[in-house]
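Asks: Numbering (this note's numbering), first residue to last: 1 to 401.
Just so it is clear, CB atoms sit at the ideal spot from N, CA and C, and this is done for glycine as well.
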């Protein structure tokens, strides 16, 4: 249990402070689309590596840029005038021991189109999107560092000196924001309201006990015949969402959808495809949700973009996920621990499960000494499991946005 420390939280809880802000970007938001396309490409590369080489090779395909298109939208329909452009960029081993990934560009394009077809219902992946792949070999030193542990059959070596953070549990505002977006993007609600697009952003603000949720929701124009129906549908969706969230958190909320709408000017948020990427917005990896699915400026956060990074040795991906796992376990398994934060720092070239420091901060009324050994044991167990955490990423078990 070297370098593991358990420390007390000596600051006021976020949920007890006078104000708090939380945000979540839904699966159809341009930034989230970039995150998931990068991560999906990494997963598919991992599967190809395992099938052809028996092990995951070095890659970091964590750069993606979405350039919004141009759309002509109207009630009852519309068309895409200029397609959305998606640039997928990164580094990957594409040839080894006489085996080669042929048609790399086609491989990248197909993985992106399959994801779009599955998750963005109103986008035609053949007509509305253009994919531009740029995958090149990795730098010699990082590839050699990656392969060094493989040759010796040892623990993966950290590819960077970086840190990861996590916390648990989610507080009331965080749960409200998360639940609002997931409800609106659920299959259940969309069966009743197909006009709900996937591009949903929720901003939650708490002042004292009052919770206000502001939602940007891209409506799909072909399902709405006129402005009166738009406002009718918006009101119905707003009431159903409000009732659902209040049931989940057990507390009243204020909820607003598309507050810039103007009936007088007939200016409302409708789209052809259900995402602002068709006309009004661009996207980039790392600008959205952290690995717990939220943007939480009042909590510890890492600026690392987890999506698309290799799941074997990239600290920006592994440590943020494991830090959240440790935090959750400490809260769930140790009585009278109200909340936990976890910070983990790596050192490049050292085994990933030997961090420079792993600090678990706990809020508890118990004497810290009485829980220190158990908290350290939980942290050490997760460090011991860290060399196998890649399996969860390949299987899609761990979200990255």
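(1) Quick check for students: name the residue ranges of the alpha helix (DSSP H) that lie wholly in the stretch 29 to 90, counting only runs of 4 or more.
(2) Strictly under 9 Å for the Cβ-Cβ distance: is residue 268 near chain B by that measure?
(3) In chain order, what residues of the same chain lie with their CB nearer than 6 Å to the CB of residue 393, ignoring the 5 residues before and after it?
(4) Could you name the residues that DSSP lists as bridge partners for residue 347?
(5) Taking a contact to mean a Cβ-Cβ separation below 9 Å, would you say residue 34 touches residue 290 in this structure?
(6) CB residue 198 to CB residue 130, shorter than 9 Å?
(7) Should the stretch 85 to 95 be called in touch with the stretch 49 to 65, which here means at least 3 C-beta pairs below 8 Å?
(8) Per DSSP, which one or two residues make a beta bridge with residue 167?
(9) Pick out the complete beta strand (DSSP E) segments inside the stretch 191 to 225, 3 residues or longer, and give them in chain order.
(10) Taking just the CA atoms, how far does residue 41 sit from residue 100?
(11) Could you tell me if residue 162 is buried or exposed, where buried requires 16 or more neighbouring beta carbons within 10 angstroms of its beta carbon?
(12) Does the Cβ-Cβ distance between residue 200 and residue 78 come in under 9 Å?
(13) I'd like the list of long-range same chain contacts for residue 175, defined as Cβ closer than 8 Å, with 5 residues on each side in sequence excluded.
(14) Relative to the C-alpha of residue 389, which candidate in 128, 313 and 172 has its C-alpha closest?
(15) My guess is that residue 284 and residue 124 are in contact by the Cβ rule of under 8 Å, so how many angstroms apart are they, rounded?
(16) Counting Cβ pairs closer than 8 Å, one from the stretch 252 to 267 and one from the stretch 360 to 372, do we hit at least three?
Replies: To lay it out plainly:
(1) Annotation: the stretch 29 to 90 contains the following complete segments of the alpha helix (DSSP H) (minimum length 4 residues), in chain order: 30 to 53.
(2) Structure shown: chain B not included; a single protein chain is present.
(3) Working through the chain shown from its first residue, we reach residue 393 at position 393. Here the set comprises 311.
(4) In the chain shown, residue 347 corresponds to position 347, counting from 1. In the DSSP assignment, no residue is bridged to residue 347.
(5) On the chain shown, position 34 is the one that residue 34 refers to. On the chain shown, position 290 is the one that residue 290 refers to. It is not a contact, given that the beta carbons lie outside the stated cut-off.
(6) Working through the chain shown from its first residue, we reach residue 198 at position 198. Working through the chain shown from its first residue, we reach residue 130 at position 130. Judged by their CB atoms, residue 198 and residue 130 are not nearer to each other than the 9 Å cut-off.
(7) Enough Cβ pairs lie closer than 8 Å, so yes.
(8) The residue labelled residue 167 in the question sits at position 167 within the chain shown. Secondary-structure assignment with DSSP links residue 167 through a beta bridge to 341.
(9) 196 to 207 and 210 to 220, all fully within the stretch 191 to 225.
(10) Mapped onto the chain shown, residue 100 falls at position 100. Mapped onto the chain shown, residue 41 falls at position 41. So the two alpha carbons sit approximately 17 Å from each other.
(11) Mapped onto the chain shown, residue 162 falls at position 162. With 16 or more other Cβ atoms within 10 Å, it is buried.
(12) For the purposes of this step, residue 200 is taken as the residue at position 200 of the chain shown. For the purposes of this step, residue 78 is taken as the residue at position 78 of the chain shown. For residue 200 and residue 78, no; Cβs fall outside 9 Å.
(13) Residue mapping note: residue 175 aligns to position 175 of the chain shown, counting from 1. Excluding residues up to 5 positions away in sequence, 248 and 249 lie with their Cβ nearer than 8 Å to the Cβ of residue 175 in the same chain.
(14) If you number the chain shown from 1, residue 389 lands on position 389. Looking at the Cα atoms, 313 is the closest of the given residues.
(15) For the purposes of this step, residue 284 is identified with residue 284 of the chain shown, where counting begins at 1. For the purposes of this step, residue 124 is identified with residue 124 of the chain shown, where counting begins at 1. Rounded, the Cβ-Cβ distance is 23 Å, inconsistent with contact.
(16) Verdict: no, contact absent.
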